[in-house]
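Peer 1: After the structure tokens below, expect a handful of questions from me.
Residue numbers (the working numbering): 134 to 417.
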């Protein structure tokens, strides 16, 4: 059962060289308050497993990432996350690019404590070429089919974000898509859950299928209002598009990024939320 904690205490549990799974999808329901806390930390040499978005970009530009395992790194309305693009061009990170199906099967293997999962996904594609370490296996049955053996994407820690959670660590999402957050939680030795809102046990409400993350997989839970910003959250699935454009535009210019960093990322999470509010007032 998860224990109540804070973003600072969660990041204090992380260590250099860890493999960290990050839930959400592109620029949707990312645990950005926890990512920003890592950004402000001294952590380094991390392996990140993610359906990547600004979480990956922020950690790349901060020099935290040694290796990335991902099917994509996008901000949806911005096709390619700009900081990730620069990291790839500069070859400052190692990148293992998987087909989306392969990525899911890698998480499934880790969730079931298997060394790999066989799948047809990736066969006949360049995924096998750019990931020369991937192996195939032959079915032991009459068909004798050759399949990709996707290795388990096991993480030391996973970070996921829910719309609402209870104080025991049960997490519920309100949007249309669960993404792969339940698998991230099961694939890690420890999972930390952040939520827009915390409630008492028994008060989550909603249909059973909306209870995505079980307390049995959660080490700690923390309340982070606005913690997914600027990624989308809630049943409406609205992301802060204007601020995302500001982020992307700033990322394209070193001086603009320095100004962005000084204003929004140099302080704590409360400062970030306050400055975002002021920025929107300035744009009105």
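In this text, a Cβ means the ideal position worked out from N, Cα and C, and glycines have one as well.
1) Determine the direct distance from the alpha carbon of residue 263 to that of residue 175, and round the result to whole angstroms.
2) Contact defined as beta carbons within less than 8 angstroms: I believe residue 328 pairs with residue 294. What is the distance between those atoms, to the nearest angstrom?
3) Name the residue from 265, 248 and 140 whose alpha carbon lies nearest to the alpha carbon of residue 165.
4) What is the DSSP secondary structure of residue 361, counted as helix, strand or coil?
5) Pairs of beta-carbons, one from the region 139-157 and one from the region 179-192, closer than 8 angstroms: are there three or more?
6) Specify, as a first and last residue, the run of the alpha helix (DSSP H) that residue 194 falls within.
7) In the DSSP assignment, find the alpha helix (DSSP H) that holds residue 171 and state where it starts and stops.
8) Looking only at C-alpha atoms, which of 287, 271, 286 and 243 sits nearest to residue 280?
9) So for residue 239, helix, strand or coil by DSSP?
10) Residue 334 by DSSP, collapsed to three states: which one?
11) Considering only DSSP beta bridges, list what residue 397 is partnered with.
12) I'd like to know whether the C-beta atoms of residue 288 and residue 320 end up nearer to each other than 9 angstroms.
Peer 2: By the coordinates alone:
1) For the purposes of this step, residue 175 is taken as the residue at position 42 of the chain shown. For the purposes of this step, residue 263 is taken as the residue at position 130 of the chain shown. When rounded, the distance between both Cα atoms is 31 angstroms.
2) By 1-based counting over the chain shown, the position of residue 328 is 195. By 1-based counting over the chain shown, the position of residue 294 is 161. About 7 angstroms separates the beta carbon of residue 328 from that of residue 294, a gap short enough to meet the 8 angstroms contact definition.
3) Start at 1 with the first residue of the chain shown, and residue 165 comes out as number 32. Checked all of 265, 248 and 140; the closest Cα to residue 165 is 140.
4) Sequence index remark: in the chain shown, residue 361 carries index 228 (1-based). DSSP places residue 361 in coil when its eight states are reduced to three.
5) yes
6) Within the chain shown, numbered from 1, the residue matching residue 194 stands at position 61. Run containing residue 194: 187-194, per the alpha helix (DSSP H) assignment.
7) Against the chain shown, residue 171 aligns to sequence position 38. For residue 171, the enclosing alpha helix (DSSP H) stretches over residues 165-172.
8) Mapped onto the chain shown, residue 280 falls at position 147. If we check each option's Cα against that of residue 280, 271 comes out closest.
9) In the chain shown, counting from the first residue as 1, residue 239 sits at position 106. Three-state DSSP puts residue 239 in a helix.
10) As a position in the chain shown, residue 334 is number 201, starting the count at 1. Residue state, collapsed to three classes: coil.
11) The sequence position of residue 397 within the chain shown is 264, counting from 1. DSSP lists no partner for residue 397.
12) Residue numbering aside, residue 288 sits at position 155 when the chain shown is read from its first letter. Residue numbering aside, residue 320 sits at position 187 when the chain shown is read from its first letter. Going by C-beta atoms, residue 288 is nearer than 9 angstroms to residue 320.
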